[in-house]
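In our numbering, the protein residues as written are 726 to 771.
Yeah, the Cβ is synthetic: ideal placement off N, Cα and C, and Gly gets one too.
Before any comments, here is the structure.
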């Protein structure tokens, strides 16, 4: 989830990440994190 969302300063933090055993060490987990970060950058956060 996104935490510490600070639009005034353009920063956002990703936190509370929990992957199930079935998702750990799989490309889908990497893709999920990539999409979260891409979304944050696309919204103008750093």
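Do the CB positions of residue 737 and residue 729 come within less than 8 Å of each other? The residue given as residue 737 occupies position 12 in the chain shown. The residue given as residue 729 occupies position 4 in the chain shown. Cβ atoms of residue 737 and residue 729: closer than 8 Å.
For residue 726, tell me which candidate among 769, 739, 733 has the shortest Cα-Cα distance. As a first step, residue 726 must be located in the chain shown, where it is residue number 1. Closest by alpha carbon: 739.
Endpoints, alpha helix (DSSP H) assigned at residue 756: Locating residue 756 in the chain shown gives position 31, where the first residue counts as 1. First-last of the alpha helix (DSSP H) with residue 756: 752–767.
Spatial neighbours of residue 748 within its chain, please: CB distance less than 6 Å, with the 5 preceding and 5 following residues excluded, ordered by chain position. Within the chain shown, residue 748 is the residue found at index 23, counting from 1. So the qualifying residues of the chain are 754.
Taking the straight line between their C-alpha atoms, what separation do you get for residue 765 and residue 771? Against the chain shown, residue 765 aligns to sequence position 40. Against the chain shown, residue 771 aligns to sequence position 46. Rounded to the nearest angstrom, the two C-alpha atoms are 7 Å apart.
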